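A.B. asks: I'd like to ask you about the structure that follows.
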Amino acid sequence: MPWSRLTLVATLAGALAACSDSGNVVVPGVDMRPDIFIFDLVVKPPDGGPPDAPGDLTSDGQPQPDTNGLLSAPFSFDFEQNNGGISATGDWEWGQLGTFKFGTDCSTSATPPPSAHSGTRLWGTVLDDCYTPIGNNADACNNANVGDDSVLSLTFVLPSPLLNPKLEWWEWNDYFLDFDWTEVRINNTVVYQDCTGSHSKPTAWRKQSVDLSAYAGQTLTVTFHFMASSAVNYAGWYLDDIAVTAGP
520 MPWSRLTLVA TLAGALAACS DSGNVVVPGV DMRPDIFIFD LVVKPPDGGP PDAPGDLTSD
580 GQPQPDTNGL LSAPFSFDFE QNNGGISATG DWEWGQLGTF KFGTDCSTSA TPPPSAHSGT
640 RLWGTVLDDC YTPIGNNADA CNNANVGDDS VLSLTFVLPS PLLNPKLEWW EWNDYFLDFD
700 WTEVRINNTV VYQDCTGSHS KPTAWRKQSV DLSAYAGQTL TVTFHFMASS AVNYAGWYLD
760 DIAVTAGP
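Position in the sequence shown (from 1) plus 519 gives the number in my numbering.
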């Protein structure tokens, strides 16, 4: 009999006693105001069989996959130890920011981030130069051919018990709107776009979020798409601290 992995959503209030054989989960000696807590539990069977998942985190500190081998929410990636297991095409690179080169077709006004949002590592559309002017931008806000985009892709399971789940990320945007633009898709449906207006010099990291409540109990593939014109190019799109959160 294998070990079981459970996701528990519980409301804790007041002073709580010890854990019992009845299955009650309690926290001793703490007077807590009402709140909602989410626990990921590994339950040992009577036969003491080996665990399928010996903890909440892998040896490199990343969220543990579920029993099907897929990442399970909630989770967060700061990209300091690794790239988060995210797949990438086109200009996307993971690592540390390099000395900016201002290469061919790169605007002298390009403004890369001075640092990652947290730590030193992040994802970006070329970490030390402007993005490639590949001319795949088509019409602004109308991504007719996703096959030629620069794409980051992440697949995970969104358990049904999670309350108010959200996809969150921090971004640095320096591209030639509306010739160059970005969008985020979930299972190939657009849920976010930055595709109108005109270029303005970025001055700070921006936080974005997408409500995932409609996807409860599903397996999700989130893709970050970057479209670049063959005109003037800037520093690009940089992403850090990608997470799926839950709570009130």
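We treat Cβ as the ideally placed atom computed from N, Cα and C, and that holds for glycine.
As the structure is a computational prediction, the values presented were derived from the model and not from experiment.
So for SER672, helix, strand or coil by DSSP?
C.D. replies: Here residue 672 refers to the residue found at position 153 of the sequence shown. SER672: strand per DSSP, three-state reduction.
A.B. asks: What span of residues does the beta strand (DSSP E) with GLN615 cover, start to end?
C.D. replies: The residue you call residue 615 lines up with position 96 of the sequence shown. Residues 611 to 615.
A.B. asks: Can you tell me the Cα-Cα spacing of ASP597 and GLY638, whole angstroms?
C.D. replies: Taking the first residue of the sequence shown as 1, we reach residue 597 at position 78. Taking the first residue of the sequence shown as 1, we reach residue 638 at position 119. Computed Cα separation, rounded: 8 Å.
A.B. asks: Within the continuous beta strand (DSSP E) that includes GLU599, where are the two ends?
C.D. replies: Residue mapping note: residue 599 aligns to position 80 of the sequence shown, counting from 1. Looking at the DSSP string, GLU599 is not in any beta strand (DSSP E), and its letter there is neither H nor E.
A.B. asks: Just the Cα atoms here: how many angstroms apart are TRP642 and ALA607?
C.D. replies: Numbered from its first residue, the sequence shown carries residue 642 at position 123. Numbered from its first residue, the sequence shown carries residue 607 at position 88. Approximately 10 Å between the Cα atoms of the pair.
A.B. asks: Who does GLN727 pair with in a DSSP beta bridge?
C.D. replies: One-based indexing of the sequence shown puts residue 727 at position 208. Per DSSP, TRP688.
A.B. asks: For SER637, which of helix, strand or coil comes out of DSSP?
C.D. replies: As a first step, residue 637 must be located in the sequence shown, where it is residue number 118. In this structure, SER637 counts as coil in the three-state DSSP scheme.
A.B. asks: Put ALA750 into one of helix, strand or coil per three-state DSSP.
C.D. replies: Translated into the one-based positions of the sequence shown, residue 750 becomes position 231. Here ALA750 sits in coil by DSSP.
A.B. asks: Look at the alpha carbon of PRO631 and the alpha carbon of ALA723, and state the distance between them as a whole number of angstroms.
C.D. replies: Residue 631 sits at position 112 when you count from the first residue of the sequence shown. Residue 723 sits at position 204 when you count from the first residue of the sequence shown. Looking at the two C-alpha atoms, the distance is approximately 10 Å.
A.B. asks: Taking the Cβ atom as the reference point for each residue, do ASP697 and ALA659 lie within a distance shorter than 7 Å?
C.D. replies: As a working mapping, residue 697 is identified with position 178 in the sequence shown. As a working mapping, residue 659 is identified with position 140 in the sequence shown. Closer than 7 Å, so yes.
A.B. asks: Provide the residue span of the beta strand (DSSP E) that contains ILE705, from first to last.
C.D. replies: For the purposes of this step, residue 705 is taken as the residue at position 186 of the sequence shown. Counting along the chain, the beta strand (DSSP E) containing ILE705 begins and ends at 700 to 705.
A.B. asks: Tell me, which residues are paired with LYS648 by DSSP?
C.D. replies: Position 129 of the sequence shown, counted from the start, is the residue given in the question as residue 648. The amino acid at residue 648 is misidentified as Lys; the sequence shows Asp. Paired residues: none, contrary to the question.
A.B. asks: Using a Cβ-Cβ cutoff of less than 6 Å, which residues in the same chain neighbour THR701 once the five nearest sequence positions on both sides are dropped?
C.D. replies: Your numbering for residue 701 matches position 182 in the sequence shown. ASP713, PHE745, TRP756.
A.B. asks: Among SER749, ALA762, GLY766, LEU589, whose alpha-carbon lies nearest the alpha-carbon of CYS649?
C.D. replies: Within the sequence shown, residue 649 is the residue found at index 130, counting from 1. With distances taken between Cα atoms, CYS649 lies closest to SER749.
A.B. asks: Between which residues of its own chain and SER672 is the CB-CB distance below 6 Å, once the five residues before and five after are set aside?
C.D. replies: Taking the first residue of the sequence shown as position 1, residue 672 is located at position 153. Excluding residues within five positions, the ones whose Cβ falls inside 6 Å are SER606, THR742.
A.B. asks: Skipping 5 residues on each side, what residues in its chain have a beta carbon closer than 6 Å to that of VAL751?
C.D. replies: Your numbering for residue 751 matches position 232 in the sequence shown. Only SER626, PHE695 meet the Cβ criterion.
A.B. asks: Answer with buried or exposed for VAL709, where buried requires no fewer than 16 other C-beta atoms within 10 angstroms of its C-beta.
C.D. replies: Translated into positions along the sequence shown, residue 709 becomes position 190. The residue in question, VAL709, is exposed, as its Cβ has fewer than 16 Cβ neighbours within 10 Å.
A.B. asks: By alpha-carbon positions, which one of ALA754, HIS636, LEU681 ends up nearest to GLN737?
C.D. replies: Taking the sequence shown and counting its residues from 1, one reaches residue 737 at position 218. Checking every option, the nearest Cα to that of GLN737 belongs to LEU681.
A.B. asks: Confirm, please, whether the CB-CB distance from LEU739 to ILE705 is below 7 Å.
C.D. replies: Stepping through the sequence shown from its first residue, residue 705 is reached at position 186. Stepping through the sequence shown from its first residue, residue 739 is reached at position 220. Yes.
A.B. asks: Strictly by DSSP, which residues pair up with GLN696?
C.D. replies: Stepping through the sequence shown from its first residue, residue 696 is reached at position 177. First, the residue type needs correcting, since residue 696 is Leu and not Gln in the sequence shown. Answer is none; LEU696 lacks a bridge partner.
A.B. asks: Can you tell me whether GLY666 is helix, strand or coil according to DSSP?
C.D. replies: The count along the sequence shown starts at 1 and reaches residue 666 at position 147. Three-state DSSP puts GLY666 in a helix.
A.B. asks: Can you tell me whether ALA657 is helix, strand or coil according to DSSP?
C.D. replies: Residue 657 sits at position 138 when you count from the first residue of the sequence shown. In the structure shown, ALA657 sits in coil (DSSP, three-state: anything other than H, G, I, E or B).
A.B. asks: Helix, strand or coil, according to DSSP, for THR577 in the structure here?
C.D. replies: For the purposes of this step, residue 577 is taken as residue 58 along the sequence shown, with counting starting at 1. Residue placement at THR577 is flagged as unreliable, the pLDDT there being 48, under the threshold of 50; the coordinate-derived value follows with that caveat. THR577 falls in the coil class under three-state DSSP.
A.B. asks: In the DSSP output, which residue or residues are listed as bridge partners for GLN712?
C.D. replies: Translated into the one-based positions of the sequence shown, residue 712 becomes position 193. According to DSSP, which records beta bridges pairwise, GLN712 is partnered with GLU702.
A.B. asks: List the residues that DSSP assigns as beta-bridge partners of TYR757.
C.D. replies: Along the sequence shown, read from residue 1 onward, the residue named residue 757 stands at position 238. According to DSSP, TYR757 bridges with GLY643, TRP691.
A.B. asks: Using CA atoms only, rank isn't needed, just tell me which of GLY614, LEU589, LYS620, ALA635 is closest to TYR753.
C.D. replies: In the sequence shown, counting from the first residue as 1, residue 753 sits at position 234. Ranking the options by Cα distance to TYR753, first place goes to LYS620.
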